[in-house]
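Trainee: According to my numbering, the residues represented by the sequence shown are 1434 to 1541, in order.
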Amino acid sequence: LDPQVRAGVVIIPFKSLNVAADIDLTENSSLIEGSKDRRIGFGAEKGFLSELISLRAGLYKNIAEGDSNVVYTGGFGFRIFMIHLDAALGYDFKEREGMASISLAGRF
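1. Going by beta carbon distance, what residues of the same chain come within less than 8 angstroms of Glu1460, once the five residues before and after it are set aside?
2. Taking Asp1457 as part of the beta strand (DSSP E), name the residues at either end of that continuous run.
3. Looking only at its chain, what residues have a beta carbon closer than 7 angstroms to the beta carbon of Glu1528, apart from the 5 residues adjacent to it on each side?
4. In this structure, does DSSP put Ala1440 in helix, strand or coil?
5. Residues in its own chain within less than 6 angstroms of Ala1521 by CB, not counting five upstream and five downstream?
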């Protein structure tokens, strides 16, 4: 595997709001032969009820492929004691393609 280098910054204007931006500093091979991947992304996360619930929204674009579309993302998370449940969605409106993920984690 080739190394991937990514840089980012986060601003926390309020205790329960994070605004972030990141970019791949290296161009990488993708799983599609002949295609390259280098992404730039922006997003925000807002926590509610003492961070028990989190809502997220953002977007990213593959800047290695000039004709790539912007993918819009969103998600939410629940924290109950040490258990974290997260769901995320992404959608490319031009291609009408979507993706989803769910994760469950324990923190101790």
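Glycine included, each C-beta is placed from N, C-alpha and C at the ideal position.
Mentor: According to the data block:
1. Locating residue 1460 in the sequence shown gives position 27, counting from the first residue. The answer, listed in chain order, is Lys1469, Asp1470, Arg1471 and Ala1497.
2. In the sequence shown, residue 1457 corresponds to position 24, counting from 1. Annotation for Asp1457: the continuous beta strand (DSSP E) segment containing it runs Leu1450 to Asp1457.
3. Translated into positions along the sequence shown, residue 1528 becomes position 95. Once the five neighbours on either side are set aside, the close Cβ partners of Glu1528 are Asn1502.
4. Position 7 of the sequence shown, counted from the first residue, corresponds to residue 1440. Ala1440: strand per DSSP, three-state reduction.
5. Position 88 of the sequence shown, counting from 1, holds the residue named residue 1521. Excluding five sequence positions before and after Ala1521, the CB atoms of its chain that fall closer than 6 angstroms to its own CB belong to Gly1508 and Ser1534, given in chain order.
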